[in-house]
């Protein structure tokens, strides 16, 4: 914030671009960690679980999650670029927290093979994403709206998780 004009300082293009790249790398690093627990289990433990009829084919998850991670990165980048850590520390911190929860779900569900605990965790994840959507709305509505598909997908994933618990 420029104290003389009370206007946000303009971020130089290169700094903004590097910031976007950084947020994208962070998102896809989280995705990679989660995938390292998920992929080995797809053809083994997960294949043996009883799943509901609305369970999507395995191939759909990669493209959907890749798109969502990219949208999440752009959303947080918009908040970082337009409000920054000084003006939006809680929003940015909460976004980082939900990303940690996102990765943790894969560790619990696939790594620990514990759908019951993962159902509890995904509930906390869903609440944290909703909080991020609300917090982002205060700073940048476009950023908030970019998080909505993620919230919807995690809603579906939660229903799927709870269904797997019920069927197994």
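In full-length UniProt numbering, the protein residues as written are 1 to 168. For glycine and all other residues, C-beta sits at the position ideal for the given N, C-alpha and C. Just so it is clear, the structure is predicted and the values come from calculations on it, not from any experiment.
Contacting residues, own chain, Cβ-Cβ under 8 angstroms from residue i (five flanking each side not counted)
| i | result |
| --- | --- |
| residue 129 | 98, 147, 150, 151, 154 |
| residue 85 | 92 |
| residue 162 | 119 |
Contacts around residue i, its chain only, beta-carbon distance under 6 angstroms, and the 5 residues preceding and following it disregarded
| i | result |
| --- | --- |
| residue 168 | 49, 50 |
Backbone secondary structure at residue i - three-state DSSP
| i | result |
| --- | --- |
| residue 43 | coil |
| residue 63 | helix |
| residue 55 | coil |
| residue 168 | coil |
| residue 50 | coil |
Own chain partners of residue i with C-beta closer than 7 angstroms, once the 5 adjacent residues on each side are dropped
| i | result |
| --- | --- |
| residue 158 | 122, 123, 126 |
| residue 72 | 27, 147, 150 |
| residue 116 | 165 |
Environment of residue i [buried if 16+ CB atoms lie within 10 Å]
| i | result |
| --- | --- |
| residue 134 | exposed |
| residue 87 | exposed |
| residue 104 | buried |
| residue 34 | buried |
| residue 65 | buried |
| residue 79 | buried |
Straight-line Cα distance separating residue j from residue i
| i | j | result |
| --- | --- | --- |
| residue 12 | residue 47 | 49 angstroms |
| residue 77 | residue 15 | 11 angstroms |
| residue 106 | residue 120 | 13 angstroms |
| residue 58 | residue 40 | 13 angstroms |
| residue 176 | residue 37 | Outside the displayed range of the chain (1 to 168) lies residue 176, so it cannot be described from this structure. |
| residue 95 | residue 74 | 12 angstroms |
| residue 132 | residue 102 | 13 angstroms |
| residue 138 | residue 43 | 43 angstroms |
| residue 25 | residue 19 | 10 angstroms |
| residue 30 | residue 100 | 8 angstroms |
| residue 55 | residue 142 | 30 angstroms |
| residue 113 | residue 160 | 15 angstroms |
| residue 83 | residue 45 | 44 angstroms |
List in chain order: all unbroken alpha helix (DSSP H) runs of 4+ residues lying wholly within the segment 71 to 154.
With a minimum length of 4 residues, the unbroken runs of alpha helix (DSSP H) contained wholly in the segment 71 to 154 fall at 84 to 87, 89 to 106, 115 to 139.
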